[in-house]
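Data block below; observations after.
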Amino acid sequence: MTNDTGLKAGVYKETLLRGLWRENPVFRLLLGMCPTLAVTVAVKPALTMGLSVIFVLLCSNIVVSIIRKLLKPHLRILMFTVTIATFVTIADLFLKAYVPRMSEMLGPYVPLIIVNCIIICRAEACASKSSLGVSIIDAAGMGVGFTLTLCVLAGIREILSTGAVFEVAILSLQSQGGWFVPLAAMSMPVGAFITLGLLLGLVNTITKRKTKG
Amino acid sequence: MDTVNTLIVGFISIVLINNLVFTKFLGICPYLGVSGRIDMAFGMGMAVTFVVTLSGTLTWLIDNLILMPMGLEVTRYVCFILIIAGAVQLVEMYVRKFFPSLYESFGIFLPLITTNCAILGLCLFINLWGVDNLLEAVVLSFGAGIGFTMAICIMAGIRENLKLSDVPECLQGAPITLITAGLLALAFMGFAGMIR
């Protein structure tokens, strides 16, 4: 019995860690690129986006895992998208009601969570095959991994484009007598593409070192 | 004459200035996935153009004729995604029946058009911009498809040449593609002042 629970805990831990680094949705699987690039102008919208994705991912993984025995193969993807669209509507209405300014800023990128490949991918690869517990843990790991990645990218872009992180000034700007000249390009699409490209390169280097050493 | 003018300006603006890939970050996944070879990229672009025109028009019609008069805006996202899935299914059936060889070469990418954010994104943007006549919605959707085709073809052309160049090992594959896309986005910013 104890051995069994130990084994289970091992599976859970493994699933959780998988989402955080080894199969990190953005860096390793290259999933969900569109929101990653679009909302990472600053940390705050990135965090909001990440939390919404965690919510939708958790709910849809739970539902899909519960109904997994009823799914017909050819209608599977359709069922996934409808489930996801329902929860995204809930998240969107929630954001509109409680943080209207943030909701306006994110605009259509909140409903675009529906077509975020991470969520469909997890529903297909994990929730439709495994038990409720594993699905929940998997959603948590993947969601947190996604959110952390967004925040790292947003942090880099925010500090280089405004000299602040989370709207708290860190570098002293030249316009206020300091030394730092903000890079306007970092807040534009260019900055998003290039920062993500370089970060991916960095992650590749680190992984290669690890496998060698 | 005025309507024609608005339509032309709208078309140019969505192809060049508000290009979905470079300014709105929509459709990045197929953009990275299929842009390896120029003929595949062109075929993909055409399929997306067709689906986006069809679903842009249909979603506008359903949104304006059914959802808004009946106060069912809450179900908008679910309706949109169902329409897009239906349109993709239609294209898939059509291509399989009449162009079996093309169908073979697309493989998994054809059904994946459903989850192409460019399509749902455009439907949502049409709604957000408050486009209020059908013709404009059709032209904008078509323009968005052309813009996507153009972006993916340019990228495929560059990547075919990139194979011959000496890229640092850690940047090979997706990273260098993203950096190239960044430089392209920078180039496309040059169009920004063209209208208004």
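Residue numbers (this note's numbering), protein chains in the order written: chain A, -4 to 208; chain B, 79 to 274.
Ideal Cβ placement from N, Cα and C applies to all residues, glycine included.
Short CB-CB distance (under 8 Å) between residue i and chain B
i	result
Thr(-3) (chain A)	A caution first: Thr(-3) (chain A) carries a pLDDT of 48, below 50, which makes its placement in the model too unreliable to give a value.
Pro103 (chain A)	yes
Ala187 (chain A)	yes
Cys112 (chain A)	yes
Ile151 (chain A)	no
Lys203 (chain A)	yes
Asn199 (chain A)	yes
Leu52 (chain A)	no
Ile154 (chain A)	no
Gly192 (chain A)	yes
Trp12 (chain A)	Residue identity differs from the one stated: residue 12 (chain A) is Leu in this sequence, not Trp. Output row for Leu12 (chain A): interface = no.
Gly196 (chain A)	yes
Leu233 (chain A)	Examination of residue 233 (chain A) is not possible in this model, given that chain A is present from -4 through 208 alone.
Ile115 (chain A)	yes
Val38 (chain A)	no
Beta-carbon proximity of residue i to residue j, cut-off 8 Å
i	j	result
Leu178 (chain A)	Leu148 (chain A)	no
Val112 (chain B)	Ala196 (chain B)	no
Ala215 (chain B)	Gly134 (chain B)	yes
Thr193 (chain B)	Val34 (chain A)	no
Asn19 (chain A)	Ala122 (chain A)	no
Gly208 (chain B)	Gly88 (chain B)	no
Gly199 (chain B)	Pro95 (chain A)	no
Cys248 (chain B)	Lys8 (chain A)	no
Val292 (chain A)	Ala118 (chain A)	Within the shown structure, residues of chain A are numbered from -4 to 208, placing residue 292 (chain A) beyond reach of any answer.
Leu101 (chain A)	Pro40 (chain A)	yes
Ile131 (chain A)	Leu53 (chain A)	yes
Ile254 (chain B)	Val245 (chain B)	yes
Thr76 (chain A)	Ile140 (chain B)	no
Ile86 (chain B)	Leu218 (chain B)	no
Gly260 (chain B)	Gly192 (chain A)	yes
Cys201 (chain B)	Thr258 (chain B)	no
Leu110 (chain B)	Leu25 (chain A)	yes
Leu143 (chain B)	Glu151 (chain B)	no
Any non-hydrogen atom of the ligand NAP within 7 Å of residue i CB
i	result
Lys67 (chain A)	What this structure holds is no ligand at all, so the ligand NAP is not there to describe.
C-beta neighbour in chain A for residue i, strict 8 Å
i	result
Cys107 (chain B)	yes
Phe226 (chain B)	no
Val112 (chain B)	no
Thr137 (chain B)	no
Cys231 (chain B)	no
Gly223 (chain B)	no
Thr131 (chain B)	no
Gly149 (chain B)	no
Phe203 (chain B)	yes
Thr127 (chain B)	no
Ile257 (chain B)	yes
Ile191 (chain B)	no
Gly235 (chain B)	no
Val217 (chain B)	no
Ile254 (chain B)	yes
Leu188 (chain B)	no
CB-CB length for residue i against residue j, believed under 8 Å
i	j	result
Leu145 (chain A)	Met44 (chain A)	6 Å
Glu238 (chain B)	Ile106 (chain B)	About 20 Å separates the two Cβ atoms, so there is no contact after all.
Phe266 (chain B)	Asn97 (chain B)	6 Å
Leu104 (chain B)	Cys29 (chain A)	6 Å
Gly5 (chain A)	Met137 (chain A)	Contact flag wrong, Cβ pair sits at about 19 Å.
Gly188 (chain A)	Leu256 (chain B)	The sequence shown places Phe at residue 188 (chain A), rather than the Gly named in the question. Yes, they are in contact, since the Cβ atoms of Phe188 (chain A) and Leu256 (chain B) sit about 5 Å apart, within 8 Å.
Leu264 (chain B)	Val185 (chain A)	5 Å
Val169 (chain B)	Val129 (chain B)	6 Å
Ile108 (chain A)	Val48 (chain A)	6 Å
Phe100 (chain B)	Leu262 (chain B)	6 Å
Per DSSP, cross-strand counterpart(s) of residue i
i	result
Val163 (chain A)	A:Val160
Phe203 (chain B)	None; Phe203 (chain B) has no bridge partner.
Phe158 (chain B)	In the DSSP output, where bridge partners are listed per residue, Phe158 (chain B) has none listed.
Leu168 (chain A)	A:Phe175
In the region 237 to 252 of chain B, which residues sit with their C-beta less than 7 Å from some C-beta in chain A, listed in chain order? Cys248, Leu249, Ala252
Residues of the region 259 to 274 of chain B in Cβ contact with chain A at a cutoff of 8 Å, in chain order, please. Ala259, Gly260, Leu261, Ala263, Leu264, Met267
Note down, in chain order, all residues in the region 88 to 101 of chain B with a beta-carbon under 7 Å from any beta-carbon belonging to chain A. Phe100, Thr101
Chain-ordered residues of the region 70 to 93 of chain A with a beta carbon less than 9 Å from chain B: Ile72, Leu73, Thr76, Val77, Ile79, Ala80, Thr81, Val83, Thr84, Asp87, Leu88
Residues in the region 17 to 35 of chain A having any Cβ partner in chain B nearer than 7 Å: Leu25, Met28, Cys29, Leu32, Ala33
Select from the region 159 to 182 of chain B all residues with a C-beta closer than 8 Å to any C-beta belonging to chain A, and list them in chain order. Ile159, Leu160, Ala163
Proximal residues, the region 160 to 179 of chain A versus chain B, C-beta separation under 8 Å: none
Could you run through the region 127 to 148 of chain A and flag, in chain order, every residue whose CB is less than 7 Å away from some CB of chain D? Here chain D cannot be found, since the structure's protein chains are A and B.
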